[in-house]
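All remarks here apply to the structure that follows.
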Amino acid sequence: MSTTPLAPGATLGRLGSGQLGRMFTQAARRMGYRVHVLSPSAGSPTGQLADREVVAAYADADAVGRFAAEVDVVTLEFENIPSASLEAAAAHAPVRPGVRALHLTQHRAREKRFLAELGVPHVHFAEVAAGGDIDAAIAEVGTPCVVKTAGFGYDGKGQVRVDADAGHAEARALAHEQAVVVERFVELAAELSVVAARGLDGRVVSYAPAHNRHVDHILDLSSAPMALDPGQARQATEVTAAVLEGLELVGVACVEFFLDAAGRLLVNEIAPRPHNSGHLTIEGAETGQFEQQLRAVTGLPLGSTAVRAPAAMANLLGDLWANGEPAWPRALAVPGVALHLYGKGEARPGRKMGHLTATAPEIEEAERRVTQARARAAG
Ligand code: AMP
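Numbered per the numbering used here, the sequence shown finishes at 766, counting up by one with no gaps.
Given below as structure tokens:
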């Protein structure tokens with residue numbers, strides 16, 4: 388593998404055209420790279436800013452291969468690209484993260500087996516093949532538990548909670564036609580994540596842990612650096628590095644953790660790409676996660692992940708547009724606040740339309756600023 392970095396002027400290929408690609412493109416263009424994006428529809432959030440937007444389905448392996456033939460490296464924002472398409476791309480250009488990292492993380496059961504083999508703490512689980520004995524798996528794990536589809540789920544979609552006397556019928560229905568995993572239900576003290584990058588030379592750097600709060604299974608608020616005891620912070624960072632090394636990933640990834648009521652850290656899931664909880668690194672760290680992904684996949688030296696300022700990020704969902712355009716001038720009057728809008732046409736409820744980040748001398752003040760700015764935007 389060539390170790391000469393791809394210099395500015397090279398063309399970076401992006402599979403996936405949403406907000407992650409858009410923010411990657413902003414970093415890439417600032418640094419003088421060209422970006423081609425493969426998108427299922429025209430005028431995408433990434434396509435609006437890229438040098439070229441190729442409209443094709445991710446499952447169209449021929450189109451993905453032709454796309455890859457015109458770029459110097461292929462990266463992505465979306466782990467659920469069919470493997471035939473990834474292989475078609477890899478025949479023409481390096482795919483970073485690699486095909487193995489994607490294969491392991493695009494399926495919950497494979498991902499959990501990988502975590503178990505790596506020996507990192509994770510939520511106790513059982514796997515059930517499509518049409519398999521879900522009742523036995525629930526009995527083995529115990530109630531309460533959560534039944535999740537093994538493939539292609541996100542933001543809490545395809546999940547059923549099962550208690551001693553509720554949820555069994557829904558769980559059987561979910562498991563009838565597809566593989567599932569059954570996870571023990573964890574009494575959560577908090578949820579956190581560590582975004583990290585691994586370079587072509589195998590070096591890993593990590594950002595400060597982010598404290599994540601979800602509403603209706605969708606990330607609502609993240610802030611970093613999270614106040615953890617030093618042992619927990621060290622463990623979160625070490626586990627994250629072990630995951631990136633185990634995946635042999637080149638690029639950026641995020642490891643999401645549960646902190647349980649007994650103070651144990653358990654890996655929940657892995658995203659082999661920049662993550663919503665890492666958006667606050669754009670303003671809050673010396674190198675934002677999108678520039679970091681670019682540095683990793685082009686073979687440049689990784690940037691510093693040091694904290695520039697405590698930061699908090701609030702997602703802006705389509706619901707905020709219920710009464711028309713939000714009151715941006717009122718939101719932006721709050722000090723330290725930055726607005727990111729993704730260029731999405733239709734503001735549907737639950738759709739991620741943008742985010743706000745606030746920085747401040749203290750994390751609590753950053754959280755206060757960002758929630759105040761979002762409340763003001765609502766009018
Ligand atoms: P996931 O799609 O697996 O990240 O799940 C979405 C959210 O559901 C998580 O961020 C948690 O808030 C909650 N959740 C998922 N699995 C569990 C579990 N085993 N125990 C407790 N809460 C869970």
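Don't be surprised by glycine CBs; every beta carbon is placed ideally from N, CA and C.
Quiz item: According to DSSP, what are the bridge partners of K499?
Solution: Translated into the one-based positions of the sequence shown, residue 499 becomes position 112. For K499, DSSP records no beta bridge to any residue.
Practice problem: With DSSP as the reference, label R651 as helix, strand or coil. | Solution: Against the sequence shown, residue 651 aligns to sequence position 264. Annotated three-state conformation of R651 is coil, per DSSP.
Self-check item: Contact belief for A753 with S610 at Cβ below 8 Å, rounded distance in angstroms
Solution: In the sequence shown, residue 753 corresponds to position 366, counting from 1. In the sequence shown, residue 610 corresponds to position 223, counting from 1. Contact holds; Cβ gap of about 6 Å.
Quiz item: Can you tell which of P508, L575, V441 has the C-alpha that lies nearest to the C-alpha of A429?
Solution: Position 42 of the sequence shown holds residue 429. The residue with the shortest Cα to Cα distance from A429 is V441.
Quiz item: Short check: CB of L505 to CB of L489, under 9 Å?
Solution: As a first step, residue 505 is located in the sequence shown; it is residue number 118 there, counting from the start. As a first step, residue 489 is located in the sequence shown; it is residue number 102 there, counting from the start. Contact: no.
Exercise. Keeping to the same chain, check which residues put their C-beta closer than 6 Å to that of A514; ignore five residues upstream and five downstream.
Key: The residue given as residue 514 occupies position 127 in the sequence shown. The residue you asked about is not Ala; residue 514 is Glu in the sequence shown. The residues are A496, V568.
Quiz item: Looking only at its own chain, which residues have a Cβ that is under 8 Å from the Cβ of R761, when we skip the five neighbours before and after it?
Solution: Within the sequence shown, the letter at position 374 stands for residue 761. Shown here for R761: same chain residues with a beta carbon closer than 8 Å to its own, the five before and five after excluded, namely A701, L703, L707, A718, L743 in chain order.
Practice problem: Would you identify the three-state DSSP class for R421, choosing helix, strand or coil? | Solution: Taking the first residue of the sequence shown as position 1, residue 421 is located at position 34. Of the three classes helix, strand and coil, the one that applies to R421 here is strand, per DSSP.
Quiz item: Does DSSP put E527 in a helix, a strand or coil?
Solution: Taking the sequence shown and counting its residues from 1, one reaches residue 527 at position 140. Reduced to three states, the DSSP call for E527 is helix.
Quiz item: If we count the other Cβ atoms within 10 Å of its Cβ and call it buried at 16 or more, is E498 buried or exposed?
Solution: Locating residue 498 in the sequence shown gives position 111, counting from the first residue. So E498 ends up on the buried side.
Quiz item: Once you ignore the five residues that flank A503 on each side, which residues in its own chain have a CB closer than 8 Å to its CB?
Solution: In the sequence shown, the residue the question calls residue 503 occupies position 116. H509, listed in sequence order.
Quiz item: In terms of residues, what are the limits of the beta strand (DSSP E) holding S610?
Solution: Looking up residue 610 in the sequence shown gives position 223. 605-611 is the extent of the beta strand (DSSP E) around S610.
Exercise. May I ask you to report which of helix, strand or coil DSSP gives G449?
Key: Taking the first residue of the sequence shown as position 1, residue 449 is located at position 62. According to the sequence as given, residue 449 is Asp; it is not Gly. Helix at D449.
Quiz prompt | Those residues which DSSP pairs with S580 across a bridge | solution = For the purposes of this step, residue 580 is taken as the residue at position 193 of the sequence shown. For S580, which the question treats as bridged, DSSP gives the partners A597, E643.
Self-check item: Three-state secondary structure (DSSP) of H769
Solution: Nothing can be reported for residue 769: it is not among the residues displayed for the chain, which extend from 388 to 766.
Quiz item: If you count every other CB in all the chains shown that lies within 10 Å of the CB of T746, and 16 or more means buried, which is it?
Solution: In the sequence shown, counting from the first residue as 1, residue 746 sits at position 359. Per the 10 Å Cβ criterion, buried.
Quiz item: My guess is that S593 and A628 are in contact by the Cβ rule of under 8 Å, so how many angstroms apart are they, rounded?
Solution: Here residue 593 corresponds to residue number 206 of the sequence shown, with the count starting at 1. Here residue 628 corresponds to residue number 241 of the sequence shown, with the count starting at 1. Indeed they touch by this definition, with Cβ atoms about 7 Å apart.
Quiz prompt | CB contact below 9 Å: A745 versus chain C | solution = The structure shown contains no chain C; it holds only a single protein chain.
Self-check item: S428 in three-state terms, based on DSSP
Solution: Locating residue 428 in the sequence shown gives position 41, where the first residue counts as 1. Look at S428 here: in three-state DSSP terms it is coil, with no helix or strand label.
Quiz prompt | Continuous alpha helix (DSSP H) stretch holding H555: start and end | solution = The sequence position of residue 555 within the sequence shown is 168, counting from 1. Boundaries of the alpha helix (DSSP H) around H555: 555-563.
Self-check item: Given 8 Å, three or more beta-carbon pairs between the segment 674-689 and the segment 570-578
Solution: Because the criterion of three Cβ pairs below 8 Å is not met, the segment 674-689 and the segment 570-578 do not touch.
Exercise. Provide the residue(s) that pair with N702 in DSSP beta bridges, ordered along the chain.
Key: Residue mapping note: residue 702 aligns to position 315 of the sequence shown, counting from 1. DSSP output for N702 lists H742 as bridge partner(s).
Quiz item: Should H604 be listed as close to ligand 1, given that the test is whether its C-beta is under 8 Å from any heavy atom?
Solution: For this step, residue 604 is matched to residue 217 along the sequence shown. Yes, the Cβ of H604 comes within 8 Å of a heavy atom of ligand 1.
Quiz item: By Cβ distance, which residues of its chain are closer than 8 Å to P395, with the 5 residues on each side in sequence left out?
Solution: As a position in the sequence shown, residue 395 is number 8, starting the count at 1. Cβ-Cβ distances below 8 Å link P395 to M418, G419, Y420 in the same chain, with the five nearest sequence neighbours on each side left out; the list follows chain order.
Quiz item: Hey, G675 and A414: beta-carbon distance below 9 Å or not?
Solution: Here residue 675 is taken as the residue at index 288 of the sequence shown, counted from 1. Here residue 414 is taken as the residue at index 27 of the sequence shown, counted from 1. A414 sits close to G675, with the two beta carbons spaced by under 9 Å.
Quiz item: Using 8 Å as the Cβ pair cut-off and three pairs as the minimum, do the segment 554-569 and the segment 590-608 touch?
Solution: As far as the Cβ criterion goes, the segment 554-569 does not touch the segment 590-608, which means the pair count is below three.
Self-check item: Neighbour-count burial assignment, S470, 16 or more Cβ in a 10 Å radius
Solution: Indexing the sequence shown from 1 puts residue 470 at position 83. Result: exposed.
Quiz item: Just checking, does the segment 392-409 make contact with the segment 452-468 on the three C-beta pairs under 8 Å criterion?
Solution: Yes, they touch.
Quiz item: When you compare only the Cα positions, how much space is there between D449 and H494?
Solution: As a working note, residue 449 is residue 62 in the sequence shown. As a working note, residue 494 is residue 107 in the sequence shown. Each residue's alpha carbon lies about 24 Å from the other.
Practice problem: Return yes when the C-beta of K348 is under 8 Å from any heavy atom of ligand 1, and no when it is not. | Solution: For the chain, the structure presents residues 388 to 766; residue 348 sits outside this window and is missing.
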